[in-house]
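Protein sequences appear in the order of chains W and Y.
Letter 250 of the first sequence, counting from 1, is numbered 250 in the UniProt record's numbering, and no numbers are missing.
Letter 20 of the second sequence, counting from 1, is numbered 20 in the UniProt record's numbering, and no numbers are missing.
Each residue gets a CB set at the ideal place from its N, CA and C atoms; glycine is no exception.
Shown next, in structure tokens, is the structure this report addresses.
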Amino acid sequence: MHEITVVQRLKSPKGISGLAILCSFIFIAIAAPFLTSYSPDDISSRPLLEPNSEHLLGTDDVGRDIFSNLLYGARTSLAVALIVSSGVLIIGTLAGVFSGYTGGNLDRVMMRGVDIFLMIPDLPLILILAAYLRPSLWNIIFILIVMGWPVGARITRAQTRTLRVSGHVDFARISGAGNWYVIKRHIVPDLYPIMITTIVMQSIRAILSESGLAFLGLGDPSYPSWGTMIKYAISYPLVFFTDAWMWWLMPAGVCITLLVLSFVLVGQALEGDK
Amino acid sequence: MDNSCLIKIDNVSKVFKRKGMFRNEPEVKALDNVSLTVKKGEVLGIIGESGSGKTTLGKLILGLLKPGSGNISFADIDNSSSQNGKPIVQVIFQDPYDSLSHMMTVEQLVAEPCIIQNRKNFDRNRIVLALESVGLTPVESFLHKYPHTLSGGQRQRVAIARAMITEPDMIIADEPISMLDASIGVDILNLMLDMKERTGITFMFITHDIAAAAYISDNIAVMKEGKIVEYGSREQIISDCCHEYTKSLLLSASTGTFNNTSFDDK
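Put into structure tokens, the structure is as follows:
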């Protein structure tokens, strides 16, 4: 995949709509303080207000502005997605390239280690760890990276093994290139498509896991999160008997869906779907 | 070592071991006590069937594989561009789809050996000249193309330009025409002969096609099952070969695509 074709592929309808949604979320996250005058934690008004000109989506059961919670929640989700996907990308790529390029017994040992990680079911372990560790956003990020890098490492390693014996790598070696040159110019550029897929997949996974954990009450209460919003909304006994679910529960769910959808669309566009 | 020799291969053997999980699978003897000398300025054709060890021999000379036993010695050459007096050996691979990185433009591909040798600085004119000399003209229209937009013959020309740019003492061409159709294959062979005439470069031409080998080579070595079964000048091999295998090769070639009359054109 060349840089030109990356741009071309993103120009498909799917790519454009995915990028548009993603960019608007990024904009919301960055510009949150300018879009709302309330802090998400402030008990700014009477509880359970209906949407009005001051509170665009009303307030929740303790009087916090739902709209500003929604905006700041985008920050949390995007930050988790960014940190987890780049963490998985860096650790996975480094481990995969190293293991695949070195080969031999070291490769075998590392890959058995990766196998063990891949065998452990993700979500139960995250639940257990999140329950035992303090509920903090960094712990969630840490767990998601630890459980995510073996996938990246395995794919990267497979590609590295193929490239290591390919003609252009042989030619570079014959011309006198060292290992570092071969990795930098011949192996890593060929991994770009895999890296992009890794970022997309891991972002989706991070957003869903973070929201899911927050929904189960294992999230970080000090950060506003869409999962937490849904959790409070659902646990409020009367939410479905009034119209409150429409502005309290639904926007957070729609946001999660849209953000994940945008990543899926971008991913599909990069894979060449129109 | 004799002055006219460039590379001397002494009783080289190479065995590939296959490690199974529970038992070792049978070994593959790719080369069995091969001795061969490559003379300066000649075109040495190596012919043999698949699995006869000809590519392994090439890889050993290139240093991609280590010989299991025996010795490969290089002549000392006064060459300003090479360290420790060892001749520069370059290669043209069989598969032009695999040997050119699809992430680089033609310019980057041809410049690569220069960049590896002298770090960043290289002469852009040399790249243009190299591309001109392999017939990729107008050069400007090719410089920024990616290999996947080129045809097989053009790719192989890029591979030749890339091998020639560091002015090597020897080029190992590992079945350079076997993936091209016949007419383009002849063009590539003529290009290599032309190169040899102009620069006096030594070629080692590995092929399974005895007609192509006869067309281009000065001397021919015939390999079978890891051994060199026959070695001699082109005329010797074509006219009075002794080994059964060479005879069968010649017989199959005379009914094949290459016509025997093409030997006389050279």
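| Query | Result |
| --- | --- |
| Expected contact under 8 Å - CB spacing of W:W247 and W:I28 to nearest Å | Actually they do not touch by this definition, with Cβ atoms about 17 Å apart. |
| Cutoff 8 Å; reference residue 291 of chain Y; Cβ partners in own chain excluding five residues on either side | The requested residue 291 of chain Y does not occur in the structure, where chain Y is confined to residues 1 to 266. |
| C-beta contact flag for W:T36 and W:T198 at 9 Å | no |
| Sheet register partners of Y:N219 (DSSP bridge) | Y:L44 and Y:S233 |
| Members of the region 99-122 of chain Y near chain W, C-beta cut-off 7 Å | S99, L100, S101, M103, E112, P113, I116 and Q117 |
| Span of the alpha helix (DSSP H), counted from its first residue to its last, around W:P189 | V188 to F215 |
| Short CB-CB distance (under 9 Å) between Y:F142 and chain W | no |
| 9 Å Cβ cutoff, W:D170 in contact with chain A | Any reference to chain A falls outside this structure, whose protein chains are W and Y. |
| Cβ shell of Y:S252 (< 7 Å), same chain only, five flanking positions each side left out | none |
| Interface flag, Y:L249 vs chain W, CB-CB below 9 Å | no |
| The region 5-21 of chain Y in contact with the region 35-53 of chain W per 3-pair CB rule at 8 Å | no |
| Ranges of the beta strand (DSSP E) found wholly within the region 88-148 of chain Y, counting only runs of at least 3 | 89-92 |
| Y:L31 - partner residues in DSSP beta bridges | Y:K14 |
| CB contact check: W:Y181 to chain Y, cutoff 9 Å | yes |
| Validate contact between the region 234-246 of chain W and the region 69-85 of chain W using beta carbons, cut 8 Å, 3 pairs | no |
| Opening and closing residue of the alpha helix (DSSP H) in which W:N139 lies | L137 to R164 |
| DSSP three-state assignment for Y:G70, whether helix, strand or coil | strand |
| For Y:V158 and Y:L36, the rounded distance between their alpha carbons | 30 Å |
| Selection of the region 183-207 of chain W by Cβ proximity to chain Y, strictly under 9 Å | R185, H186, P189, D190 and Y192 |
| The beta strand (DSSP E) enclosing Y:F203, as first and last residue numbers | T202 to T207 |
| Bridge partners - W:R64, DSSP secondary structure assignment | W:I43 |
| Neighbouring residues, chain Y, relative to W:G176 (Cβ below 7 Å) | I116 and Q117 |
| Between the CA atoms of W:V264 and W:G18 - distance to the nearest angstrom | 8 Å |
| Counterpart residues of W:T59 in DSSP-defined beta bridges | W:D65 |
| Nearest neighbour of Y:A212, chosen from Y:L250, Y:K224, Y:C242 and Y:I201 [CA to CA] | Y:L250 |
| Cutoff 9 Å: W:R64 Cβ touching any chain Y Cβ | no |
| Where W:V239 falls: helix, strand or coil (DSSP) | coil |
| 9 Å Cβ cutoff met for Y:L6 and Y:K59 | no |
| According to DSSP, residues forming a beta bridge with Y:V38 | Y:I7 |
| Contacts that W:G167 makes with chain Y (C-beta to C-beta distance below 7 Å) | F93, D95, D98 and S99 |
| Distance between beta carbons of Y:G48 and Y:H208, contact taken as under 8 Å | 7 Å |
| Cβ neighbours of Y:I184 in the same chain (closer than 6 Å, five flanking residues each side left out) | G153 |
| Minimum C-alpha distance to W:V239 - residue among W:E50, W:R134, W:A130 and W:A31 | W:E50 |
| Exposure label - W:W138; buried when at least 16 CB within 10 Å | exposed |
| Start and end residues, beta strand (DSSP E) containing Y:I172 | M170 to D174 |
| Interface partners of W:R173 on chain Y, CB under 9 Å | L62, G63 and L64 |
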